[in-house]
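Chemist: Mature numbering (1 follows the signal peptide of the UniProt record, and there is no 0) puts the sequence shown at residues -25 to -1, 1 to 234. Let me give you the structure first, and then I'll get to my questions.
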Amino acid sequence: MTKTQTVLRAAVPAAALAMLLTACGPENETPVAPGAAGAGDPTAATAPATTAPPAAGATGGAGAGTGGAGATAGTGGTAAGGTGAGTGGTGGAPSATTSGNPVGGASGGSGKVGYGNPLALTATGSYQGKTKADVTPVSVVKGTAAEIAPFNFKPADLDGRTPYYVTVSFTNRTGAPLTDEYFMMRFKVNTDARATGVLPAPTIMKSIPQCDAGKKPGTLADGQSQQQCAVYLVPTATPPQFLTFGSVLDTEPLVWKVG
């Protein structure tokens, strides 16, 4: 706030005038424009970029930039990737730039990513939580009860449910190696925008040809990518509509549209 003071030289002694000028101090400096860096605007650091397509090979923020030809869902997958799944290139589906306030979505623009404006399937989202990572869904494949028999699920767990194999690529962006990071434990399948989400089924370190669900992640160096797969037992009457990634307390996780 800028103070304006009128000083009458004839009425104020020189010493008092000096004290007045000193008291005004920094408050009379040229103000920083609202939204400029350092202005105290909480949105300044995460303000969405313009909708112009990124330059070739550029990455946004913590490696979130996307563009180029999209990856296609794995063989047998029920959903294929959209344009812009790969990194680099120009145009394509945008990625999220921050967890909790991501921008982009399948429709593009600068709107916040969410169920109403999800990322396209196989688009890369950059998660900026405690464990920073670039997250890219690879495929969503519908399975059968016979295929998951080796997991020995209880009949009650399978009643009225259909298995889906979800494969996701994670790139470590924490700046340090990660050991035994089970990213899939934070990845959910949602049957609608109001559902709480289906977590991976316990596979007890077992795998089947369709999904390396029990494979131990091992050490992932900073900047290195790794694919993980998990089995989700989804209610048969309500197939997957969204994929979400985030911690338990995330109220605004990364969201992808499946169907």
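Built from N, CA and C at the ideal position, the CB exists for glycine as well.
Note down the Cα distance separating residue 81 from residue 90, rounded to an integer number of angstroms.
Modeler: Note that residue 81 scores 44 on pLDDT, short of 50, meaning its location in the model is unreliable and no value can be drawn from it.
Chemist: Judging by CA-CA distance, which residue of 179, 180, 202, 161 is the nearest neighbour of residue 173?
Modeler: Of the candidates 179, 180, 202, 161, the one whose C-alpha sits nearest the C-alpha of residue 173 is 161.
Chemist: By the 10 Å Cβ neighbour count, where 16 or more other Cβ atoms means buried, how is residue 108 classified, buried or exposed?
Modeler: Buried.
Chemist: Taking C-beta to C-beta, are residue 135 and residue 211 nearer than 7 Å?
Modeler: Closer than 7 Å, so yes.
Chemist: Relative to the C-alpha of residue 163, which residue among 131, 141, 197, 104 is closest?
Modeler: Comparing Cα positions, the closest option is 141.
Chemist: Do you know offhand how far residue 218's Cα is from residue 101's?
Modeler: Distance between the alpha carbons of residue 218 and residue 101: 14 Å.
Chemist: Suppose you measure from the CA of residue 122 to the CA of residue 190; what does that come to, to the nearest Å?
Modeler: C-alpha separation (whole angstroms): 17 Å.
Chemist: How about residue 208 and residue 93: do their beta carbons lie closer than 7 Å?
Modeler: In this structure, residue 93 does not lie closer than 7 Å to residue 208 by Cβ.
Chemist: Apply the 10 Å Cβ neighbour rule to residue 232 and answer buried if 16 or more other Cβ atoms are within range, or exposed otherwise.
Modeler: Flag for residue 232 reads buried.
Chemist: Reducing DSSP to helix, strand and coil, say where residue 169 ends up.
Modeler: Note: residue 169 maps to coil in three-state DSSP.
Chemist: Evaluate contact between the stretch 141 to 161 and the stretch 180 to 200, counting only Cβ atoms and requiring at least three cross-stretch pairs below 8 Å.
Modeler: They touch, by the three-pair rule.
Chemist: In terms of alpha-carbon separation, which member of 170, 206, 225, 229 lies closest to residue 183?
Modeler: The candidate whose alpha carbon is nearest that of residue 183 is 206.
Chemist: Do we get a CB-CB distance below 7 Å when we pair residue 192 with the residues of chain C?
Modeler: This model lacks chain C altogether; it includes just one protein chain.
Chemist: Unbroken beta strand (DSSP E) runs of length 3 or more, entirely within the stretch 96 to 175: which are they?
Modeler: For the stretch 96 to 175, whole beta strand (DSSP E) runs of length 3 or above, ordered along the chain, are 100 to 102, 108 to 117, 136 to 147, 162 to 165.
Chemist: Give the straight-line distance between the Cα atoms of residue 180 and residue 225, rounded to the nearest whole angstrom.
Modeler: When rounded, the distance between both Cα atoms is 27 Å.
Chemist: Does the separation of the CB atoms of residue 200 and residue 146 fall below 7 Å?
Modeler: Yes. Within cutoff.
Chemist: Express the C-alpha separation of residue 117 and residue 197 in angstroms, rounding to a whole number.
Modeler: One C-alpha to the other measures close to 32 Å.
Chemist: Determine, using beta carbons only, whether residue 143 and residue 112 come nearer to each other than 7 Å.
Modeler: Taking 7 Å as the Cβ cut-off, residue 143 and residue 112 qualify as a contacting pair.
Chemist: In the DSSP assignment, the beta strand (DSSP E) including residue 90 goes from what residue to what residue?
Modeler: It is not in any beta strand (DSSP E) - residue 90 carries neither H nor E in the DSSP assignment.
Chemist: Consult DSSP for residue 225 and reduce its assignment to one of helix, strand or coil.
Modeler: Of the three classes helix, strand and coil, the one that applies to residue 225 here is coil, per DSSP.
Chemist: Could you spell out the range, first to last residue, of the beta strand (DSSP E) harbouring residue 196?
Modeler: Segment: none, residue 196 is in no beta strand (DSSP E) and carries neither H nor E.
Chemist: Here's the rule I'm using: 16 or more other beta-carbon atoms within 10 Å means buried, otherwise exposed. How should residue 127 be labelled?
Modeler: Exposed: under 16 other Cβ atoms inside 10 Å.
Chemist: So, with DSSP's three-state summary, where would you put residue 212?
Modeler: Residue 212 falls in the coil class under three-state DSSP.
Chemist: Have a look at 185, 204, 215, 228 and flag the residue whose alpha-carbon is nearest the alpha-carbon of residue 119.
Modeler: Nearest of 185, 204, 215, 228 to residue 119, Cα basis: 185.
Chemist: Determine whether the beta carbon atoms of residue 115 and residue 220 lie at a separation below 7 Å.
Modeler: No.
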